[in-house]
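Below you'll find the structure, written out as structure tokens, and then a few comments.
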Amino acid sequence: MLVIVYALMYVLVPVILLEIIGGWTFLVYVVWLFGSYYAVEKSCKEREHMPMMEHTDAMGVMIFISVPTVLSALAFLIIYPLFY
């Protein structure tokens, strides 16, 4: 199930966005990356009243959000000049 969700988020949605808005899709990656980090950080601060995330929260953001986003952006950065 998780693989299907990741395929939709990091493959299908960028393909659709490339068709609709073209190269501006790469700005969506930046907003997605910083927005998701901000949301997790805000949630951690509200939950524990700490000025920063715990190590497990930071690793979760890196493994499940940051790394797939950067890999997807790099893949579409290579694909975009070839096909568009």
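For the numbering used here, add 1 to where a residue sits in the sequence shown, where the first one is 1. C-beta atoms are modelled at their ideal positions from N, C-alpha and C, and glycine is treated no differently. This structure is a prediction, so every number in the text was calculated from the model and none was measured.
Contact check, residue i vs residue j, beta carbons under 8 Å
i: Val29; j: Leu19; result: no
i: Asp58; j: Val41; result: yes
i: Cys44; j: Ile66; result: At residue 44 the sequence reads Ser, which differs from the Cys that was named. Cβ atoms of Ser44 and Ile66: not closer than 8 Å.
i: Phe27; j: Ala74; result: yes
Buried versus exposed call for residue i [16 or more other C-beta atoms within 10 Å across all chains shown]
i: Val68; result: exposed
i: Pro82; result: exposed
i: Phe77; result: buried
i: Val6; result: exposed
i: Val62; result: buried
Proximal residues to residue i (C-beta, below 7 Å), its chain only, five neighbours per side dropped
i: Gly24; result: Tyr81
**Report entry** 4 or more residues per run - each alpha helix (DSSP H) lying fully within the stretch 18 to 74
**Finding:** If only complete runs of 4 or more residues are kept, the stretch 18 to 74 shows the alpha helix (DSSP H) at 26 to 49, 56 to 62, in order along the chain.
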